[in-house]
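Colleague: Could you have a look at this structure, given as structure tokens, before my questions?
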Amino acid sequence: VELLREARPWPEVGRPRRGAVSSFGASGTNAHLILQAPPTAVENDDDAAGEGDPGPGVWLLSAKSDEALREQARDLGGWLRERPELAARDVAFSLLRGRARLQRRAVVIGSDREELLAGLRALASGEPSARAIEGVAGPGRVAFMFTGQGAQRPGMGRDLYERFPAFAAALDEVCGALDAHLGCSLRELMFAEQGSPEAGLLDQTRFTQPALFALEVALHRLLESQGVRPDVLIGHSIGELAAAHVAGVFSLSDGAALVAARGRLMGALADGGAMVSIEASEQEAREALDERVSVAAVNGPRAIVLSGDADAIEALERLWRERGRKTKRLNVSHAFHSPRMAPMLEELQECAEQVAFSPPRIPIVSNLSGRLAGEEIATAAYWARHVRETVRFADGVAALEAEGVTRFVELGPDSVLCAMARESLSEEAGSHALLAPTLRAKRGERDALLALLAEAHVNGVPVDWGVLLATPSARTVELPTYPFQRARYWLDPASAPGDLSAAGLDPVEHPLLSAKLRLPNEQGWLFTGRVSLRTHPWLADHAVMGACLLPGSAFLELASHAAGEIDADAAVEEITFETPLGLGPDDAVQIHLTIGEADERSRRTVAIHTRVQDATSTAADAQATDAETDEWVRNATARLAPAASLAATAPEPAMPDAWPPPGAERLDGEFLYDRLAEAGYEYGPAFQGVRSIWRRGEELFGEVALDSAQNDEAPSFALHPALLDAAFHLGLRAALDEPARGPQVPISLQGLGLQQSGAAPLRVRVAREGHGRVSLHASDPTGAPVIAIDAVITATVDAEALRRAAAPRHDSLLALEWVQTPIAPANGSRLRVALLGEAAA
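Note that this note's numbering gives residue 64 to position 51 of the sequence shown, counting from 1, and the numbers run on in steps of one.
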């Protein structure tokens with residue numbers, strides 16, 4: 014692949030570079046691949062992307078799972094922050110050309126590089142953001158919905174006209190055909206400033222309907238140019254004429270004549286009509302009507318528009334309000350789709366008879382029937398009836414659902430039909446359907462279009478992003494590779510003890526402890542257990558300066574559980590860590606935890622000793638080793654106290670009531686574990702639990718959680734060691750900002766109070782209390798306290814102690830050695846050494 018990218022010399026042969034790669038598997042599986050070099054990017058230092066280009070505002074990501082998608086966003090964000098020289102445009106082009114389109118998708122949108130990086134941060138953390146649009150690509154057909162009268166606004170289409178040549182060319186063509194019938198420049202009326210005289214003309218029916226027709230046809234052409242094409246069409250009143258034209262029912266010149274005549278004849282009708290929308294079913298609405306009022310539109314199961322004489326509409330509006338129903342008077346000049354349209358029908362049909370009709374090339378759902386249109390849509394009579402009869406939009410949406418449509422794209426100046434369509438879908442279809450407008454009245458047109466394309470893309474609608482992103486100046490740059498989410502399928506060895514009662518022991522149900530024994534003569538209690546990286550592989554993810562260590566949080570967990578076993582009211586008050594316990598790949602660590610009898614204040618002492626054996630040895634080997642050595646090491650000591658007394662002396666909760674904390678600044682925690690690794694803390698996935706961080710003065714706040722592999726086991730612990738250890742990482746985050754003192758590890762936890770067991774995830778507060786000392790408080794997501802530690806005392810890691818803890822403890826007859834053997838050529842002969850890819854004498 015690097016050869017194809019011209020990393021090394023390649024012969025010029027006047028054709029694309031190609032290379033063959035073959036792989037032969039031992040099992041007999043063979044694979045052969047031919048690679049072709051990508052097109053050479055056009056070098057162009059000019060930052061201008063070309064006429065009509067909307068700018069490098071789109072980054073496409075996709076993955077097999079949510080976890081991989083979020084990790085991909087984190088990786089890409091970190092990569093780009095370390096490489097500010099990479100242009101956003103080149104990143105967009107590289108993501109487009111160099112990444113597969115997988116099912117789990119996201120599109121990050123921004124007007125500049127910083128906004129795009131902010132979108133990546135939101136995607137990585139799973140926070141909702143308008144800059145990061147997510148979805149799952151699925152099957153389903155696409156319907157275009159063309160908006161009706163009432164959605165018009167001054168300036169509609171102006172931004173798209175300036176930025177997208179395909180839209181500008183289409184709008185110029187349609188406006189040119191309409192201007193001959195209107196006697197003015199329709200485009201100037203559409204682009205007029207709010208409040209200007211020209212803008213006022215846009216609300217006159219004779220201009221409104223041609224303007225909507227022009228805009229919607231141009232929007233259709235624009236989406237076509239971006240690769241978004243419909244399987245079926247539906248319009249609402251005048252919107253159906255735009256749908257009919259793009260489906261090929263009539264030509265542009267005939268469509269322009271019909272639309273202009275429709276608007277002119279409607280606008281010339283006598284005043285005195287009105288329209289009102291009411292919250293009612295169609296049957297309810299029709300029962301209250303007389304001959305002067307009609308049901309103009311059925312927009313939903315309980316969304317009806319009535320149209321007719323103004324006084325009759327006013328009376329009906331009062332009636333429905335008295336019944337407690339919602340009503341809204343529409344801002345219209347005439348009573349469309351009512352008996353008041355009768356005077357214009359004959360003349361409109363005469364105009365329609367001059368049109369050359371053809372069957373639709375794209376299926377259209379009819380307003381008149383609410384079903385797929387047949388031959389009748391290609392007749393003059395249909396378009397005359399269309400002005401007078403009810404718009405059956407709700408029935409039309411149901412018909413689209415029956416046709417397998419799951420993506421509804423609205424073409425018009427604003428989002429009007431999307432909400433109506435959702436109400437008309439079945440509950441199941443509505444919960445999964447995509448309903449997205451092309452434009453929104455209160456959002457920039459470029460941003461609205463990009464958002465639509467993003468929504469379509471993440472839901473599986475084909476989008477030709479190359480039109481926007483493959484600009485002449487764009488080039489391919491190196492980006493992070495795919496973050497594979499690896500799963501382990503090997504069975505873990507059984508670690509459950511056998512019949513402990515036969516050995517005179519009582520079993521203990523805990524991941525780190527196996528048995529307990531009451532010592533004679535009231536000498537206390539003994540708890541035993543055995544851990545190794547084979548039985549507890551997640552412990553391998555906790556390392557400091559290259560040494561895999563049992564975390565201090567695990568010693569606290571041992572003491573906490575043992576305390577609860579002997580006395581429900583006993584709790585750990587403080588614990589001190591004395592000797593680090595290293596875990597080698599072949600080590601099996603025996604644990605002895607002893608608890609003394611209670612003193613006069615009901616306090617007890619705890620000591621935790623460990624002894625390391627070879628996990629690969631047999632039982633006989635282990636007994637022989639025990640007979641020869643007794644290398645027990647004391648790793649930790651603790652003090653227990655009655656839980657009630659600890660609660661009585663505990664300070665007031667230090668966690669904030671609101672979350673995130675008021676006044677706190679969010680910190681970039683994306684690369685916390687990369688920075689910690691550089692400082693000597695080598696945490697694997699099981700211990701990388703920090704999800705977010707905030708700072709407020711000397712306080713740090715954060716959210717920590719277990720990875721998915723540890724969640725199932727969390728209820729077995731009082732507090733999972735990996736979760737509590739992640740809470741300690743906030744203190745390490747604060748230490749990263751201080752002068753280098755070497756890695757710090759906890760040596761003592763004082764003023765402990767554990768109020769809740771098994772909690773995950775946690776909200777954490779860490780506050781500095783002095784040099785090498787912080788306090789830590791944690792609660793669950795509801796705010797209920799989980800653990801409080803008045804003082805976490807740390808010290809610089811003793812490198813020599815870590816070296817001893819990590820040193821191999823077992824002798825073996827087998828070892829790897831490097832033996833150097835000098836080679837002296839005999840009799841002056843020459844020795845030839847073959848190197849990969851070349852030869853040297």
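Here a beta-carbon is modelled for each residue, glycine too, at the ideal position from N, C-alpha and C.
Shortest alpha-carbon distance to residue 520 belongs to which of 542, 731, 116 and 259?
Modeller: Taking the first residue of the sequence shown as 1, we reach residue 520 at position 507. Here the closest residue by C-alpha is 542.
Colleague: At 3 residues or longer, and completely inside the stretch 375-430: list those beta strand (DSSP E) runs for me, N to C.
Modeller: If we require 3 residues or more, the beta strand (DSSP E) runs fully inside the stretch 375-430 come out as 418-424.
Colleague: Use the C-beta contact count for residue 66: other C-beta atoms within 10 angstroms, 16 or more gives buried, fewer gives exposed.
Modeller: Along the sequence shown, read from residue 1 onward, the residue named residue 66 stands at position 53. At residue 66 the pLDDT is 42, less than 50, meaning the model places this residue with poor confidence; the figure from the coordinates comes in the next sentence. It is buried - the Cβ of residue 66 has at least 16 other Cβ atoms within 10 Å.
Colleague: So, do the stretch 555-566 and the stretch 724-742 have three or more beta carbon pairs nearer to each other than 8 Å?
Modeller: Result yes; three or more Cβ-Cβ pairs closer than 8 Å.
Colleague: Whose CA, out of 420, 198 and 443, lies closest to the CA of residue 450?
Modeller: Here residue 450 refers to the residue found at position 437 of the sequence shown. It is 420 whose Cα lies nearest to the Cα of residue 450.
Colleague: With a threshold of 8 Å, are at least 3 pairs of Cβ atoms found where one atom belongs to the stretch 255-263 and the other to the stretch 228-235?
Modeller: Cβ pair count under 8 Å is three or more, so yes.
Colleague: If the criterion is Cβ atoms closer than 7 Å, does the pair residue 184 and residue 202 meet it?
Modeller: Working through the sequence shown from its first residue, we reach residue 184 at position 171. Working through the sequence shown from its first residue, we reach residue 202 at position 189. No, these two residues do not count as a Cβ contact at 7 Å.
Colleague: Confirm, please, whether the CB-CB distance from residue 125 to residue 459 is below 7 Å.
Modeller: Indexing the sequence shown from 1 puts residue 459 at position 446. Indexing the sequence shown from 1 puts residue 125 at position 112. Not a contact, by the Cβ cut-off of 7 Å.
Colleague: Starting from the C-beta of residue 644, find all residues in its chain whose C-beta is less than 8 Å away, skip the five residues before and the five after it, and write them out in chain order.
Modeller: Working through the sequence shown from its first residue, we reach residue 644 at position 631. For residue 644, where only same-chain residues beyond five positions count, the Cβ hits under 8 Å are 624 and 625.
Colleague: For residue 467, collect the residues of the same chain with a Cβ closer than 8 Å to its Cβ; drop the 5 residues on either side in sequence, then sort them by chain order.
Modeller: The residue given as residue 467 occupies position 454 in the sequence shown. So the list reads 71, 120, 122 and 146, once near-sequence residues are dropped.
Colleague: Note down the Cα distance separating residue 144 from residue 395, rounded to an integer number of angstroms.
Modeller: As a first step, residue 144 must be located in the sequence shown, where it is residue number 131. As a first step, residue 395 must be located in the sequence shown, where it is residue number 382. Cα-Cα distance, rounded: 45 Å.
Colleague: Suppose you measure from the CA of residue 639 to the CA of residue 604; what does that come to, to the nearest Å?
Modeller: Mapped onto the sequence shown, residue 639 falls at position 626. Mapped onto the sequence shown, residue 604 falls at position 591. The pLDDT assigned to residue 639 is 49, lower than 50, so where the model puts this residue is not dependable; a value taken from the coordinates is nonetheless given after this. Roughly 14 Å separates the two Cα atoms.
Colleague: Using only the alpha-carbon positions, how far apart do residue 469 and residue 163 sit?
Modeller: To locate residue 469, count along the sequence shown from 1; it is residue 456. To locate residue 163, count along the sequence shown from 1; it is residue 150. If I take the Cα positions, the gap works out to 26 Å.
Colleague: Are the beta-carbon atoms of residue 219 and residue 277 separated by less than 7 Å?
Modeller: Taking the first residue of the sequence shown as position 1, residue 219 is located at position 206. Taking the first residue of the sequence shown as position 1, residue 277 is located at position 264. Yes, the pair counts as a contact, with Cβ atoms nearer than the cut-off.
Colleague: Please determine, among 746, 830, 452 and 650, the residue with the shortest C-alpha to C-alpha distance to residue 680.
Modeller: Locating residue 680 in the sequence shown gives position 667, counting from the first residue. Of the listed residues, the one whose Cα sits closest to residue 680 is 746.
Colleague: Given a threshold of 16 other Cβ atoms within 10 Å of its Cβ, counted over all protein chains shown, does residue 815 qualify as buried or as exposed?
Modeller: As a position in the sequence shown, residue 815 is number 802, starting the count at 1. By the 10 Å Cβ count, residue 815 comes out buried.
Colleague: Helix, strand or coil, according to DSSP, for residue 237 in the structure here?
Modeller: Position 224 of the sequence shown, counting from 1, holds the residue named residue 237. Reduced to three states, the DSSP call for residue 237 is helix.
Colleague: Under DSSP, the alpha helix (DSSP H) around residue 157 begins and ends at which residues?
Modeller: Here residue 157 refers to the residue found at position 144 of the sequence shown. Here residue 157 belongs to no alpha helix (DSSP H); instead the beta strand (DSSP E) covers 154-159.
Colleague: Need the endpoints of the alpha helix (DSSP H) that residue 85 sits in, please.
Modeller: Your numbering for residue 85 matches position 72 in the sequence shown. Here the alpha helix (DSSP H) through residue 85 covers 79-94.
Colleague: Under 7 Å, do residue 806 and residue 786 count as touching if we go by C-beta distance?
Modeller: Position 793 of the sequence shown holds residue 806. Position 773 of the sequence shown holds residue 786. Yes, the pair counts as a contact, with Cβ atoms nearer than the cut-off.
Colleague: Which runs of the beta strand (DSSP E), 3 residues or longer, sit entirely within the stretch 106-159?
Modeller: You should have 117-122, 145-149 and 154-159.
Colleague: Going by DSSP, which residues form a beta bridge with residue 288?
Modeller: Along the sequence shown, read from residue 1 onward, the residue named residue 288 stands at position 275. DSSP, once it has assigned bridges, lists 320 as partnering residue 288.
Colleague: Assign residue 223 to one of two classes, buried (16 or more other C-beta atoms within 10 Å of its C-beta) or exposed (fewer than that).
Modeller: Position 210 of the sequence shown, counted from the start, is the residue given in the question as residue 223. Buried, since its Cβ has 16 or more Cβ neighbours within 10 Å.
Colleague: From residue 611 to residue 561, what distance separates their C-alpha atoms?
Modeller: The sequence position of residue 611 within the sequence shown is 598, counting from 1. The sequence position of residue 561 within the sequence shown is 548, counting from 1. Computed Cα separation, rounded: 35 Å.
Colleague: To the nearest angstrom, report how far apart residue 650 and residue 490 are at their CA atoms.
Modeller: As a position in the sequence shown, residue 650 is number 637, starting the count at 1. As a position in the sequence shown, residue 490 is number 477, starting the count at 1. Between residue 650 and residue 490, the C-alpha separation is close to 55 Å.
Colleague: If contacts are defined as beta-carbon pairs under 8 Å, then residue 675 and residue 707 qualify, I think. What distance do you get, rounded to the angstrom?
Modeller: Against the sequence shown, residue 675 aligns to sequence position 662. Against the sequence shown, residue 707 aligns to sequence position 694. So it is not a contact: roughly 10 Å between Cβ atoms.
Colleague: Buried or exposed for residue 486, going by 16 or more other Cβ atoms inside 10 Å?
Modeller: Here residue 486 is taken as the residue at index 473 of the sequence shown, counted from 1. Answer is buried; the Cβ neighbour count reaches 16.
Colleague: Taking 7 Å as the cut-off, decide whether the C-beta atoms of residue 245 and residue 156 are in contact.
Modeller: Along the sequence shown, read from residue 1 onward, the residue named residue 245 stands at position 232. Along the sequence shown, read from residue 1 onward, the residue named residue 156 stands at position 143. Against a cut-off of 7 Å, the Cβ pair of residue 156 and residue 245 comes out as a contact.
Colleague: Quick check: what's the CA-CA separation for residue 32 versus residue 47?
Modeller: Here the question's residue 32 lines up with position 19 in the sequence shown. Here the question's residue 47 lines up with position 34 in the sequence shown. Going by the C-alpha atoms only, they are around 6 Å apart.
Colleague: Compute the Euclidean distance between the alpha carbons of residue 737 and residue 782, then round it to the nearest angstrom.
Modeller: Numbered from 1 along the sequence shown, position 724 holds the residue referred to as residue 737. Numbered from 1 along the sequence shown, position 769 holds the residue referred to as residue 782. The straight-line gap from Cα to Cα measures roughly 19 Å.
Colleague: Which residue from 780, 80 and 652 puts its Cα closest to that of residue 618?
Modeller: What you label residue 618 is simply residue 605 of the sequence shown in a count that begins at 1. The shortest C-alpha separation from residue 618 is found at 652.
Colleague: So the candidates are 524, 84, 132 and 539; which of them puts its Cα closest to the Cα of residue 606?
Modeller: Walking along the sequence shown from the start, residue 606 turns up at place 593. Considering only alpha carbons, the answer is 539.
Colleague: For residue 452, which of 442, 383, 461 and 445 has the nearest alpha-carbon?
Modeller: The sequence position of residue 452 within the sequence shown is 439, counting from 1. Closest option to residue 452, Cα to Cα, is 461.
Colleague: Hey, could you find the ends of the alpha helix (DSSP H) residue 902 is sitting in?
Modeller: Since the first residue shown for the chain is 14 and the last is 854, residue 902 is missing from the structure and cannot be characterised.
Colleague: Would you mind sorting residue 642 into buried or exposed? The rule is 16 or more other CB atoms within 10 Å of its CB.
Modeller: Taking the first residue of the sequence shown as position 1, residue 642 is located at position 629. Low local confidence applies: a pLDDT of 49 at residue 642 is under 50, so the model's placement there is unreliable, and no value is given.
Colleague: Check whether the stretch 307-323 touches the stretch 284-297, taking contact to mean three or more Cβ pairs, one atom from each stretch, closer than 8 Å.
Modeller: The stretch 307-323, when compared against the stretch 284-297, does touch it at the 8 Å Cβ threshold.
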